Amino acid sequence: MDHLALSLIAAVSSYWGVAAVRRWAVRHALDVPNPRSSHARPTPRGGGLAVVVAALGGWLGLGGLFPASAPWAVLLGYAVGAALVAGVSWLDDLHSLPAGPRLAAHVVAAAIAVVCLGSWETLTLPLGPTVALGNAGVVLTLAWIVGLTNAYNFMDGSDGIAGSQAVVAGVAWAALGWLGDEPLVTGLGLLLAAGSVGFLAHNWPPARVFLGDVGSVFLGYSFALMPLVALRSPTLAPASILLAALPVWPFAFDAAFTFGRRLLRGEKVWAAHRTHLFQRLLVAGRSHRFVLLLYAGLAMLGGVMAVLCVRWPTPATWAALATIPLAAAGLWTLVVRVERLAMAAPSDVLPLPSAGDRLRKAA
Numbered sequence: 000m001d002h003l004a005l006s007l008i009a010a011v012s013s014y015w016g017v018a019a020v021r022r023w024a025v026r027h028a029l030d031v032p033n034p035r036s037s038h039a040r041p042t043p044r045g046g047g048l049a050v051v052v053a054a055l056g057g058w059l060g061l062g063g064l065f066p067a068s069a070p071w072a073v074l075l076g077y078a079v080g081a082a083l084v085a086g087v088s089w090l091d092d093l094h095s096l097p098a099g100p101r102l103a104a105h106v107v108a109a110a111i112a113v114v115c116l117g118s119w120e121t122l123t124l125p126l127g128p129t130v131a132l133g134n135a136g137v138v139l140t141l142a143w144i145v146g147l148t149n150a151y152n153f154m155d156g157s158d159g160i161a162g163s164q165a166v167v168a169g170v171a172w173a174a175l176g177w178l179g180d181e182p183l184v185t186g187l188g189l190l191l192a193a194g195s196v197g198f199l200a201h202n203w204p205p206a207r208v209f210l211g212d213v214g215s216v217f218l219g220y221s222f223a224l225m226p227l228v229a230l231r232s233p234t235l236a237p238a239s240i241l242l243a244a245l246p247v248w249p250f251a252f253d254a255a256f257t258f259g260r261r262l263l264r265g266e267k268v269w270a271a272h273r274t275h276l277f278q279r280l281l282v283a284g285r286s287h288r289f290v291l292l293l294y295a296g297l298a299m300l301g302g303v304m305a306v307l308c309v310r311w312p313t314p315a316t317w318a319a320l321a322t323i324p325l326a327a328a329g330l331w332t333l334v335v336r337v338e339r340l341a342m343a344a345p346s347d348v349l350p351l352p353s354a355g356d357r358l359r360k361a362a
């Protein structure tokens, strides 16, 4: 009941907070469309600031509700790291900071998390042995935190996609925390989901406000740290590396696949682009709502598999994990097919031009 009360407060606070930020951002933080945008009109950004405040406030409240399960090192480690990445990202939303300071903040925040929450020390393979990682575990943990923090930011390019992913992943982690008897995991999962529900009320297609880097980076960092918070649960700890990826696998896959593809092509991988799989669906004429529901459905599959791995860790469950790479292959196949259909469509039924195309024609 305490978890649900905090979550309700977070959802309501987020909803009204986003509304307040939106009114302010109309005058001070408009996202003006450019050739790489998927929106056609100037839209306020930075609504994720309300999600940050609601989630962090609830997180500190968890320390008061569950003092025996909430060491101050864990509470402050997450809060300080999350506040750092959110603060730098808020400045970026307002003033467009260079990539160097932003990445440095992400690395520092990841180091804070490792010091305060710990790192992966072992890797338990499905139906296999447990492998000691040693110092490689620290490197893997740091890379995971920085990687997902940025991947989530890269994937925030379509109405509702980042918020819906956060709702699904948050609920999945709340269920995992309940199964593992870890109230901090349950509480943080519910807070992230509830805050994102409040935001989605304003961001559901067509979006009236954008999450902004302050929100997307915060959510990426938060979900990257969830498996570290779960290390304190004997039930969740053995599978924490696997559990880390499953609830957010659509974002992790799309970002990693696109990064690798661009790297092999010799492109500047940190330059802005429109070649993520979800962006290619939009360019080929699929709606924001279609993309949102597709990625939310894929995330639900990952969340269900994560719960099954904890609740019923049987050979059948491990075999069922094959549905994830199959779903990834299905996503790629869908993108290719949609693009081919768009290219072959008669001129009178071609997909709507992108925002960038419309701006260039207007100029």
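Mapping of the sequence shown onto numbering that gives the first Met the number 0: position 256 corresponds to residue 255, and the numbering continues sequentially without gaps.
Glycine is no exception: its CB is placed at the ideal position from the N, C-alpha and C atoms.
If you're wondering where the values come from, they're calculated on a predicted model, not measured in any experiment.
Next on the checklist: Among the candidates Y220, F289, V216, T185, whose CA atom is the shortest distance from the CA of H2?
Outcome noted: Shortest Cα-Cα distance from H2 to any of Y220, F289, V216, T185 involves T185.
Checklist entry - Which word fits W119, buried or exposed, when buried means at least 16 other C-beta atoms lie within 10 angstroms of its C-beta? => result By the neighbour-count criterion, in which 16 or more other beta carbons inside 10 Å mark a residue as buried, W119 falls on the buried side.
Item to check | For A168, three-class secondary structure by DSSP | outcome: Reduced to three states, the DSSP call for A168 is helix.
Item to check | Buried or exposed (CB count within 10 angstroms, at least 16 for buried), N134 | outcome: Burial is judged here by how many other beta carbons sit within 10 angstroms of a residue's own beta carbon; N134 has fewer than 16 and is exposed.
Checklist entry - Exposed or buried, what is R285 when buried is set at 16 or more other beta-carbons lying within 10 Å of its beta-carbon? => result Around the CB of R285, 16 or more other CB atoms lie within 10 Å, so the residue is classed as buried.
Next on the checklist: On the CB-based measure, 16 or more other CB atoms within 10 Å of its CB, does G259 come out buried or exposed?
Outcome noted: Sixteen is the threshold: since fewer than 16 other Cβ atoms of the shown chains lie within 10 Å of the Cβ of G259, the residue is exposed.
Next on the checklist: Is it buried or exposed, L349, if we count other Cβ atoms within 10 angstroms and call 16 or more buried?
Outcome noted: With a pLDDT of only 46 at L349, under 50, the local geometry of the prediction cannot be trusted, and the value read off the model is given with reservation. It is exposed - the Cβ of L349 has fewer than 16 other Cβ atoms within 10 Å.
Item to check | Enclosing beta strand (DSSP E) for T121 [first to last residue] | outcome: Taken as a continuous stretch (DSSP letters only), the beta strand (DSSP E) holding T121 covers 121–123.
Item to check | From F277, I240, L263, L297, residue whose alpha carbon lies closest to that of V130 | outcome: It is I240.
Item to check | Beta-carbon spacing of D212, D91 below 8 angstroms | outcome: Against a cut-off of 8 angstroms, the Cβ pair of D91 and D212 comes out as a contact.
Checklist entry - Roughly how far, in whole angstroms, is the beta-carbon of S215 from the beta-carbon of Y151, given that I think they are within contact range, below 8 angstroms? => result Here S215 really is in contact with Y151; their C-beta atoms are around 5 angstroms apart, less than 8 angstroms.
Item to check | A131, enclosing beta strand (DSSP E) - first and last residue | outcome: Here the beta strand (DSSP E) through A131 covers 129–131.
Item to check | Delimiting residues of the alpha helix (DSSP H) encompassing T148 | outcome: For T148, the enclosing alpha helix (DSSP H) begins and ends at 134–153.
Item to check | Under 8 angstroms between C-beta atoms of G169 and L189 | outcome: L189 sits close to G169, with the two beta carbons spaced by under 8 angstroms.
Checklist entry - Under 8 angstroms between the Cβ atoms of L48 and V73? => result Between L48 and V73, the C-beta spacing is not below 8 angstroms.
Next on the checklist: Taking only three categories from DSSP, how would you classify P41?
Outcome noted: Under the three-state reduction of DSSP, P41 is assigned to coil, being neither helix nor strand.
Item to check | Which listed residue (H105, W143, T322, W269) has its alpha carbon closest to that of G301 | outcome: Checked all of H105, W143, T322, W269; the closest Cα to G301 is T322.
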